[in-house]
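Residue numbers (the working numbering), protein chains in the order written: chain F, 5 to 465; chain V, 14 to 74.
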């Protein structure tokens with residue numbers, strides 16, 4: 005290999021090759037694992053009916069997120085998603101925090117997925133009669149393989165996600181059809197539903213895990229700099245993704261609640277796979293096991309994609325060392341950011357307990373959603389409709405922002421009920437990081453270079 | 014050694030190979046291209062006329 009230098013005017017950037025299908029695969033791919041496992045802990049908190057209420061309340065929260073995100077992202081078409089939005093609309097400190105929320109939410113979720121995949125392979129080994137089986141080799145393999153795929157190129161990465169996510173979604177639809185939801189032959193909802201065993205406090209507590217039905221759909225906007233037509237692809241991919249998840253979440257609840265008593269469902273590790281086992285069909289068991297594996301892989305894959313884009317964007321703006329802002333000239337990927345985040349994910353996947361990793365991810369995501377409600381109000385106030393071109397305009401403004409803020413407040417309370425210490429610890433972490441940025445790192449930021457959108461001066465400035 | 018333990022060793026071996034592959038490629042890429050080119054990406058840039066695509070337009074390696 006020979007040494008080369010850039011010719012005058014020559015640049016390298018991320019590759020614009022993605023379509024709405026890839027955006028859908030990125031968003032739904034990250035989230036669908038929440039239908040296969042995790043959502044059902046909401047049942048343990050307040051019963052099956054509480055889990056259904058949580059499903060719809062969280063669905064409302066995320067519909068607001070998807071609408072708000074679609075409008076802002078169709079305008080701020082840049083890698084980094086909400087980080088780039090915050091930089092343009094709110095300010096540097098908010099942008100730094102939002103960037104960190106994104107990186108930690110996705111890296112922790114990636115680690116949680118790898119732990120889960122390792123556990124599944126270990127379970128298969130144990131069920132097959134092998135002794136002394138370990139999950140660690142498969143946890144590490146999951147992270148290394150998906151990081152390598154992301155390193156090689158975004159098109160192959162998200163096409164892979166499209167295929168495995170579609171298979172995982174179709175598996176849920178087939179299971180739903182197989183249990184004949186139009187009758188009581190297989191599903192026993194009449195006998196299994198028992199109202200609200202812990203009352204309305206149980207409903208509030210269940211909202212914490214209700215987020216699992218949709219957590220990560222906002223990740224679609226990280227692809228903003230790699231889609232062929234951001235104003236069209238991002239809203240289309242995000243909104244169809246949200247519709248897909250609402251359908252999948254409701255089907256999942258209906259099937260599982262009709263097959264398992266809430267005492268079991270509330271602590272099951274793989275509820276959809278367990279539901280398939282209860283049908284007695286080997287074909288459905290294999291299908292749902294494949295669906296579980298694929299949804300876990302797709303989620304970890306999308307998380308690597310999103311975390312690396314957020315880290316890359318922060319490096320490119322000097323919010324972090326600029327070294328991370330490099331693009332691979334052949335693969336056209338943020339290769340240094342991808343490689344740097346591998347050991348971070350490995351450390352958490354190898355040493356941290358699963359529930360702590362998941363809670364850190366949820367709380368980081370929740371902080372990001374809270375910011376979104378302020379962000380969109382400031383966006384509409386500084387640049388009202390008609391001032392700049394938008395690919396999508398969300399309806400009923402500011403109602404979605406207000407609803408989002410209220411639901412976030414409710415969810416903080418729900419999380420506090422179960423994980424108060426982690427909530428406080430995480431707040432302290434972000435405050436310390438903010439102090440580091442404000443008093444040390446910000447002097448390296450080239451303030452004028454941060455604003456890249458050709459927008460008019462904001463109203464009131 | 015049973016067949017599952019063999020699978021575990023295979024998983025470790027593939028992981029190490031993929032990790033080494035990425036690190037070696039990262040070092041080779043850093044050496045093969047100037048830092049100016051590697052850091053030339055700009056946010057929100059949609060003018061593809063200036064952007065090189067080594068696969069289709071020929072890279073300078």
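By construction, the Cβ of each residue, glycine as well, lies at the ideal position given by its N, Cα and C atoms.
query, result
"Anything in the region 14-28 of chain F with a Cβ closer than 8 Å to a Cβ of chain V? List those residues in chain order, please.", "14, 15, 16, 17, 18, 19 and 20"
"Using the Cβ count rule (16 or more neighbours within 10 Å means buried), how would you classify residue 359 of chain F?", "exposed"
"Does residue 67 of chain F have its Cβ less than 7 Å from a Cβ in chain V?", "no"
"Specify whether the region 269-283 of chain F and the region 291-308 of chain F touch according to this definition: at least 3 beta carbon pairs, one from each stretch, less than 8 Å apart.", "yes"
"Quick one: Cα of residue 140 of chain F to Cα of residue 43 of chain F, how far?", "25 Å"
"What is the DSSP secondary structure of residue 4 of chain F, reduced to helix, strand or coil?", "No statement about residue 4 of chain F is possible, as the shown extent of chain F runs from 5 to 465 and does not include it."
"Below 8 Å between beta carbons is the criterion; list the residues of the region 402-427 of chain F that meet it against any residue of chain V, in chain order.", "none"
"Tell me the residue span of the alpha helix (DSSP H) that contains residue 342 of chain F.", "339-355"
"If I measure Cβ to Cβ from residue 391 of chain F and keep anything under 7 Å in the same chain, skipping five residues before and after, which residues do I get?", "460"
"Apply the 10 Å Cβ neighbour rule to residue 42 of chain V and answer buried if 16 or more other Cβ atoms are within range, or exposed otherwise.", "buried"
"Would you kindly work out how many angstroms separate the C-alpha atoms of residue 331 of chain F and residue 425 of chain F, rounded to a whole number?", "39 Å"
"Taking DSSP's pairing of strands, which residues face residue 392 of chain F in a bridge?", "F/389"
"Please name the residue in F/350, F/94 and F/60 whose C-alpha comes closest to that of residue 29 of chain V.", "F/350"
"I'd like the ranges of any alpha helix (DSSP H) spanning at least 4 consecutive residues and lying wholly in the region 198-242 of chain F.", "203-214"
"Do three or more CB pairs link the region 116-130 of chain F to the region 328-347 of chain F at distances below 8 Å?", "no"
"Let's test the definition: count the other Cβ atoms within 10 Å of the Cβ of residue 417 of chain F and tell me whether it reaches 16, buried, or not, exposed.", "exposed"
"Name the chain V residues that come within less than 7 Å of residue 134 of chain F, Cβ to Cβ?", "15 and 17"
"Starting from the Cα of residue 370 of chain F, find the closest Cα among F/232, F/393, F/71 and F/222 and give me that residue.", "F/222"
"Classify residue 69 of chain V as buried or exposed, calling it buried when 16 or more other Cβ atoms lie within 10 Å of its own Cβ.", "Note that residue 69 of chain V scores a pLDDT of 44, beneath 50, so its modelled location is shaky; the value from the coordinates is reported in the next line. Exposed: under 16 other Cβ atoms inside 10 Å."
"Looking at chain V, which residues of the region 287-321 of chain F have a Cβ within less than 8 Å of any of its Cβ atoms?", "317, 320 and 321"
"Roughly how many angstroms lie between the CA atoms of residue 256 of chain F and residue 26 of chain V, to the nearest whole one?", "38 Å"
"Between residue 318 of chain F and the rest of its own chain, which residues show a CB-CB distance below 6 Å, the 5 nearest in sequence each way excluded?", "103 and 324"
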